[in-house]
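Novice: Protein chains in written order, with numbering that gives the first Met the number 0: chain A, 0 to 250; chain B, 0 to 695; chain C, 0 to 311.
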Amino acid sequence: MNIVVAIKHIPSIADDLPVSGNNVDFDSVDFVLNEFDEQSIEQAVLVKEAVGGTVTVVGVDLIEELDNILHLAIAKGADKAVKVTADEPGADSHMQAKWLSEAIKGLSPDIVFAGVQASNDLDGQIGPMIAAHLDMPYIGGVSSVEVADGTATVNKEFAGGVGAKYSVSLPMVVGVQAAAKPPRYAPISKVRQVAQTATIDTVEPSGDASSGLTFKKMAPPVATGHAEMIDGSPKEVAAKIVELLKSKGLA
Amino acid sequence: MLTTVEKIIFILAALTSVGFTYHGFKTIVDSIRKGRPAPELKDIPGSLVKAGVAVLFQQTIFKARKVLSAIHMGLFFGLITYAFVNLTDALEGLIPGFDLVYGGKNIPFKFLPAGVINTFNLIADVMSGILLFAIIVMFVRRFITKDKALTFRDNILLNPKVLAGAQARDSLIVDVFVVMHVGARLLSQAYRLNEGPDPFMPIASFLNSMVGSSEVGVHVAWWVSLGWVMFIIPYLSRSKHTHFFMSPINLGLAKQNPRGQLDPAVPLKVIEGTRFDPGAKHVHDLAWTRVLDAYACVQCNRCQDVCPANFYQRPLSPSALEVNKRYLLKEATFGSHPEKLLLPLTETVISPEAVWSCTTCYACVRVCPVGNEPMADIVDIRRRMLIDGYEIDSGVQNALQSLATNGNWMSKGKRLRGKWAKEMEFPVKDATAEPVDHLWFVGDTASFDERVIPNTKMVARIFNQAGLDFGIMYKEESNAGNDVRRVGEEGLFEQLVEQNMAAFGKSQFQRIVTTDPHSFNTLKNEYPQFGGQWEVKHYTVTLLRLFEEGKLTVKNKLSNYKVTFHDPCYLGRYNGGFTAPRKLLELLGVEFHEMPRNCENSFCCGAGGGQIWMGKVAPGERPAENRIKEALTTFESNASDKKQLFIVTCPKDMIMYSDAVKTTGNEGRIEVRDIIQLIAEAVGVEEPAVAEAVAA
Amino acid sequence: MSNDILVITEHMDGKFSDVSFELVGKAKELASALGGQAVAVVVGGGVDANVFASDATIHIDDAALGQFNPEAYGKVIEALVKEKSPRLVMFGWTATGMDLAAWLSAKLGVPCAAYVKEIGSDLMMGCQAYGGKLMAEVAPEGDMAIAACLAGSFPAEAGQGSTAATATASPVDLGSLKVKFVEAIKPEGGDVDITSQTKLVSVGRGIGGKENIELAEELAQALDAALSCSRPVVDAGWLPRTRQVGKSGLKVKPKMYLMLGISGAPEHLEGMKSAELIIAVNTDKKAPIFNVAHYGATADLFEVAEAMLELL
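Dropping the structure here:
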C-alpha cells in the first residue's frame, strides 16, 4: 500500500495574528501543523500498521521550516517525507493543492489522507482539490478507515453521532476529522534522531492554480456584543450564576 | 570451655556459615554490578569514611521520627557492641580458661588489665539490656500496636511475597534472633557467675540470682547464642536486614552531584559494544548505585511519610518501590525466578499510575537515612515509558506538544510571552537586543497566567524602582525545561535547553535572576552541563541584596500582618534557599511564624514534576489543602486579630495555594500572597490604576 | 453565463437543514440585486422539495442519489453547474458542503470562498478565518464563484416558501461509482438526546481530562440539565459523540447553556448561539465566547463548578 498524507503548515492561532496590508503578516507569525493533519497522520499510520505499506508525508515548505514537521511525522510512524519547496508563506489552498497533486502523482498512491479542514482554508481545503486534480473520489469528515482488498471502508460523520459508512474502491482521498485513536506522542529524542538520519525528498513546485480570490481586507472581527461579566472569586461567581438561574426559574 | 567435639562442630559450623555468607554477598554484589554505570563518584574512600562517621553518630536517621531514631540508635550500638561480644564469646569457647567474668581473674594467662575487662563487661551487659528493650519496642510496634507507618495503602503495587507478609516474617526472624541471641548470651554469662554477683555485670548478676550457675547451662546458652549468629549472618544477606551491611556503603556511594541535577537518561560513561536506551525498563537499567539502594533499604517507610503523592492517596509509595525492587532481586537471584528480571518495572516495582503521581519534590530522597533515591528511579522509568510509546496522560501530552511547538506549556504563541511587559508603564528592556546587568528569566506561569501576571508586573516595578538594570528575553525565552526533564521527556528538555542557550547567546548580561524556582533549579544545576555557566539568582536573593545595598528601603513596616512562609521544593530543599525569604520577611516587619514542616522538611504543593499539567485528578485532600490547614493551625497557636498571610515565592505556589484556600473554604481567614506584594506595600510601590484598567 | 444563483441544499431523513433555507433566503436577496434567479437545487429523493422561497427549485432524483454520496453528488452538481452557468453557487460549509465546494472549485477552475459569513450584492464575501481571529473580505475573480457559507449566517425564514420543484433526471450517468454507500450510522442508543434538552451544561477542552467529567456531570444533575461538550472533548474520547455541540456535532437551542472551559471556536458557536441564556466560564478573559455569551466570568471552572454544587 502506498499511503500518502498531504499536510498543511499554517499560521498558529495561538498568537494574536498581525495583519499586514490585506492579509496576515506571514513574516511575523509562527507556523504550525494544521491540527487535523495530526489526526490524518495518525490515521495513516494506523492503516499502515493494520495492512502494511509505506506512509509518505507530503507538504509545501512555505517558510523553510517544514523539516521539523516532517521529522515529527516520521517519528510518529511515517516512512518517507517529501517537501515542495515553495517559499511562499501566503500560498493559498488552491496553489498548495495543485503543487501537492503534482508531487503525489508520482508516488502512485493507493490512498491519500488530508486533514478535513484548516483554519486558513479561506478558499477551501486541499483534500477535495487534490482529489479533483488526481481524479479520485473524496470523502471528508472521516473518523475511521479500514482497508482491505483494494477497498477502503470509511465512516463519515455528519453531526451528533449521525454518520454513514461508505466503501470506496481505491485510490481515494480521505479528509480526516479524527483518527480512530487519539494521535500518539512522539518523544523529541526520537524526532531528533530522525532529524539526523532521515532524508527529505525535495521537489520544485509544479503546475499553477489560483483561488481566484482577491483579498480586500483582513481584520479582527468587530465584536457585536459582549457578555455581561460576573466579577469576583469563584465562590461569588458561582453564587451569582445560581442566583441568575433561580431568578429565571432555571435552577 | 568447649569440649573437643564441640570445638570441631563449632569450627565446621562457622566455616559453613562463612561459606553461605560469602555466597550471599557475592550474589548481591553480582546483582549490583549488573546495574548501569552511575554518574562518576569522586573520592570514594573519603565518602565512605564520611558515611562511616555519619553512621557511627547515627546522624542521618534523626531527620525524622526522633524517638524511634533513638531506639534505632540503641539497636545500632547494641549490635556493634555485640560484634565484639560475639568475638570474645567465641574465644571463651575455643580457648580453655578464657573467661571474662569477674574482671577476667580466672584467665590463666595475662590478658588485659581487669579495669578494661570490667568496662567491657559493663558495656556488654548494659547494651544487652538496651538491645532487648529496643528490639521489644520494635516488635511491639510492628506486631502489637501495628504502627500504620509500616504498612502500605491498598492501591499500592506490592510484590506478591510482600503482600503475603514477607516483610513481617523477615522482621520476626530478626526480632526472635536478637531476643534469643542476647537472651542466651546474658544467660550464659549468668550461668558463669559461680562466685556470686559481678558488680560490672548487673543484668547477668540479677539473672544469676534467679537461675544460679551451671556448667551445662553455660554450654547450652553459649550454643544458642553463637549458633544463632552463625545462622543469622548468612541469612541476613537474603533478607531486608542486608541493611546492616549495605546501608553504610550505600550512604558512602550516595549522589554527589547537586540535588537539582538529575542523572543523565543514558550513562555518560561509554562502554564499548553496549548501547543504552534512555531511562529504565528493567531493574538493571538503573544505575548500579540505585540497584544497591534496594539492599540498603530497611523498609522503614520514612519516605512514604513525607511523600505528597502518598498523602494524596495516590498509588505511590517510594518505600514500596525500594521494597519491591528488593524482593524482585531476591526472587531472581536467590530464588528460582531469574526471568522476573525481564518483566518491566511498571509491572513488578511501581504501577504506571504511581510513576505519574510523583511530584519530584525530593522529600523522599532527602529524608532517607541511607541515601536512597527512589525519585531518580521514577524519573528513569518515566523516560523509558515515553520512549516506548506508553499512552501518557492527555494533559501531559498537550503540555509537551505545546512545549515542543510554542516553547511553553500553555498553548500560547511565543509572541505573547512578553505581552505583560509591553503593558508596563515603563519600557522593559529586551535583553536579546541591548545589554543588561540582570537577565530576568520569567518562566511560563509568570509570563502567561492571568492570576500571576500582576505579581510579575510588580517584580518589574520593584526592580525598576531599585534602579536594577534588567531585561527579559521576550519571545526568545522558552520554558527552562525543569519539569519537562522530570516528566521524563529528555529529548524535549534538550531541545528547550538549546533554544534557551541560543537566546542567552544573543543576549548580553552579567547574571540571571528568576522568579520561578523550577527554572532556577535547572538553570543553576543542569544548564552548566550544556555549557551554560552563569550566576543564577532567585529573586528573593536579588531583592534582599537591593535592601542591603539601600536601593530599596522599607517605608511602611508591615506589623499588621501575621505571616508564614512556604519553602518551594526547588528553591528550598533542592537549593538551600531558606534564608533570603525569611530575612526579607524580617525586614518587612511582619509577625512571622514557622510552620512545623519548614525548610528541608517543607511539604510540596503538589504541582511539580509535571503534576500541574495533569489537571485535577484524584479525589481526597490535596497536599496544598493540607498545607493551608497546617498554616492555619500554626496561626491558631499564636492567636491575634492580625491579617493572616501565606507567603509564597513561586508562581506555581501562588496558583496552587490560592486554589487550596478557596477549596478548603478558608477565604477571609488566610490569604496567599507572593512576597513581592508585601515588598511593594512596604516599599510603597503601587499599581498604577490606569495601566491596570487598560489591561483589564 | 447568467446572473442566477444556485443553492445546493442539503437534507437528511426527509428534512432540509436550516442552512439550506438560510442560503436560499440569501440567494433570493442577491439574485434580485443581480437580476437573476435564485435556484434551489435538491439532490436525492425521499424529501418534499416544495418548501423553498426560491425562484425555482430543481429536484434531481436517482436511485444512486438516495443517500449522500460525495462522488455522485459531485458529478451531478458539476454537470448542472456547467449547464446553468450561474453567477454564484452556494453551499453550506457543512459536513456535506465541505466535501463538494472545494472539489467543484478545483474541477471547474472557479474561485471558491469558504467560511463565508457575509455576501454583498457585489459578491464581496466576508469570511471568518483563523479560528475566528480574523475576518477576511475577498472578491472572487471571473464570472462564476462558489461560496461555502457558515451555518447560521443568514436568517432562515427568508428561504422558506412553497415553490414547486421541477423534477429532473440525473444529467450524468451514475452507473459505475467508486463510492458506495453502505449504511447509515445512528447515534449509539440509550444516550441522552441533547437537542431536546431545555438545559445544558457544556464542557470544553478546559475540563482537562476524562476524570473531570464526573464533576461536570454532577453539576449538570444538580441543575437538572444534560451534559454536552465541544469537539475536542469528543475527539479525546472523554464523552461520546452524541454529546457534541457544534458544526460537526449537534445544533442545540436550550433555555440555558452553561459553558465551562469552552473558548468558543466558530464551529462550536454554530451549534449553540441561539440558546436563550448563555453563561460562559473561562480562564481566558479574551476568549471569543465572551462576545457571544449573555453572561461571562473569567474564573477556574472547577472552582466555580464545585462552589455551585454546594449552593444547589
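Here a beta-carbon is modelled for each residue, glycine too, at the ideal position from N, C-alpha and C.
Between Val369/B and Glu488/B, what straight-line distance do the alpha-carbon atoms span, to the nearest angstrom?
Specialist: When rounded, the distance between both Cα atoms is 29 Å.
Novice: If contact is defined by three or more beta carbon pairs under 8 Å, each pair taking one atom from either stretch, is the stretch 169-181 of chain B in contact with the stretch 229-246 of chain B?
Specialist: The stretch 229-246 of chain B, when compared against the stretch 169-181 of chain B, does touch it at the 8 Å Cβ threshold.
Novice: For the alpha helix (DSSP H) that contains Met245/B, what are its first and last residues?
Specialist: Residues 242-251.
Novice: Using CA coordinates, which residue listed in Asp60/A, Asn33/A, Ser107/A is at the minimum distance from Asp120/A?
Specialist: It is Asn33/A whose Cα lies nearest to the Cα of Asp120/A.
Novice: Could you pull out every residue in the same chain whose Cβ sits closer than 7 Å to the Cβ of Ile62/A, ignoring the five residues on either side in sequence?
Specialist: Once the five neighbours on either side are set aside, the close Cβ partners of Ile62/A are Phe30, Pro88.
Novice: In three-state terms, what does DSSP make of Cys603/B?
Specialist: If DSSP states are grouped into helix, strand and coil, Cys603/B belongs with coil.
Novice: Measure from the C-beta of Tyr254/A to each C-beta in chain B and report whether the shortest distance is under 8 Å.
Specialist: The requested residue 254/A does not occur in the structure, where chain A is confined to residues 0 to 250.
Novice: Going by DSSP, name the residue or residues bridged to Asn1/A.
Specialist: In the DSSP output, where bridge partners are listed per residue, Asn1/A has Thr53/A.
Novice: Taking Cβ positions only, does Ala55/C come closer than 8 Å to chain B?
Specialist: It does not; no Cβ of chain B falls within 8 Å.
Novice: Could you give the residue range of the alpha helix (DSSP H) that holds Val223/B?
Specialist: Element bounds for Val223/B: 214-235.
Novice: Considering only their Cβ atoms, is the gap separating Ile57/C from Val75/C smaller than 8 Å?
Specialist: It is not a contact, given that the beta carbons lie outside the stated cut-off.
Novice: CB Phe602/B to CB Pro307/B, shorter than 8 Å?
Specialist: Contact flag set, yes.
Novice: Please state whether DSSP places Tyr165/A in a helix, a strand or coil.
Specialist: Reduced to three states, the DSSP call for Tyr165/A is strand.
Novice: Which term fits His225/A, buried or exposed, when burial requires 16 or more other beta carbons within 10 angstroms of its beta carbon?
Specialist: With fewer than 16 Cβ atoms within 10 Å of its Cβ, His225/A is classed as exposed.
Novice: Does the Cβ-Cβ distance between Glu449/B and Thr282/C come in under 8 Å?
Specialist: Yes. Within cutoff.
Novice: Can you tell me which of the three DSSP states Val303/C falls into?
Specialist: Helix.
Novice: Beta-carbon of Ile6/A versus every beta-carbon of chain B: anything under 8 Å?
Specialist: No, because no Cβ of chain B sits closer than 8 Å to the Cβ of Ile6/A.
Novice: Apply the 10 Å Cβ neighbour rule to Tyr21/B and answer buried if 16 or more other Cβ atoms are within range, or exposed otherwise.
Specialist: Exposed, since its Cβ has fewer than 16 Cβ neighbours within 10 Å.
Novice: Would you report the Cα separation of Phe469/B and Pro434/B, rounded to the nearest angstrom?
Specialist: If you take the alpha carbons of Phe469/B and Pro434/B, they lie about 9 Å apart.
Novice: Let me know if Glu691/B comes out buried or exposed under the rule of 16 or more other beta-carbons within 10 Å of its beta-carbon.
Specialist: Interpretation of Glu691/B is limited by its pLDDT of 43, a score under 50 that renders its predicted location unreliable; no figure is taken from the coordinates.
Novice: In chain order, what residues of the same chain lie with their CB nearer than 7 Å to the CB of Asp36/A, ignoring the 5 residues before and after it?
Specialist: Here the set comprises Ile6, Lys7, Gly114.
Novice: Short of 7 Å Cβ to Cβ, which residues in the stretch 230-249 of chain A face chain C?
Specialist: Those residues of the stretch 230-249 of chain A that come within reach of chain C (Cβ to Cβ, closer than 7 Å) are Pro233, Lys234, Val236, Ala237, Ala238, Ile240, Val241, Leu243, Leu244, Lys247, Leu249.
Novice: Taking 8 Å as the threshold, find out whether the stretch 196-208 of chain C comes into contact with the stretch 95-102 of chain C through three or more Cβ pairs.
Specialist: Verdict: no, contact absent.
Novice: Under 8 Å between C-beta atoms, does Gly211/A make it to chain C?
Specialist: With 8 Å as the cut-off, Gly211/A counts as an interface residue toward chain C.
Novice: Is the stretch 50-66 of chain A touching the stretch 156-175 of chain A in the sense that three or more CB pairs, one from each, lie closer than 8 Å?
Specialist: No, they do not touch.
Novice: By Cβ distance, which residues of its chain are closer than 8 Å to Phe546/B, with the 5 residues on each side in sequence left out?
Specialist: Around Phe546/B: Thr552, Val553, Leu583, Leu586.
Novice: So what does DSSP say about Lys177/C, is it helix, strand or coil?
Specialist: DSSP places Lys177/C in coil when its eight states are reduced to three.
Novice: Please name the residue in Glu525/B, Ile134/B, Arg365/B, Leu121/B whose C-alpha comes closest to that of Ala69/B.
Specialist: The residue with the shortest Cα to Cα distance from Ala69/B is Ile134/B.
Novice: Assess contact between the stretch 452-465 of chain B and the stretch 389-409 of chain B, defined as three or more Cβ pairs (one per stretch) separated by less than 8 Å. Is contact present?
Specialist: Flag = no, the stretch 452-465 of chain B and the stretch 389-409 of chain B do not touch.
Novice: Pick helix, strand or coil for Gln243/C, following the three-state DSSP scheme.
Specialist: Here Gln243/C sits in strand by DSSP.
Novice: For Asp54/C, count the other beta carbons within 10 Å of its own beta carbon; 16 or more makes it buried, fewer makes it exposed. Which is it?
Specialist: Asp54/C comes out buried.
Novice: When DSSP labels each residue in this structure, what does Trp408/B get in the three-state scheme?
Specialist: It is coil, neither helix nor strand.
Novice: Determine the DSSP secondary structure at Gln298/B, reduced to helix, strand or coil.
Specialist: If DSSP states are grouped into helix, strand and coil, Gln298/B belongs with coil.
Novice: For Met72/B, which of Gln58/B, Lys145/B, Ala82/B has the nearest alpha-carbon?
Specialist: Measuring from the Cα of Met72/B, the nearest candidate turns out to be Gln58/B.
Novice: Using DSSP bridges, identify the partner residues of Lys81/C.
Specialist: Beta-bridge pairing links Lys81/C to no other residue.
Novice: Do the stretch 409-428 of chain B and the stretch 511-523 of chain B meet, that is, are 3 or more Cβ pairs less than 8 Å apart?
Specialist: Not touching, per the Cβ criterion.
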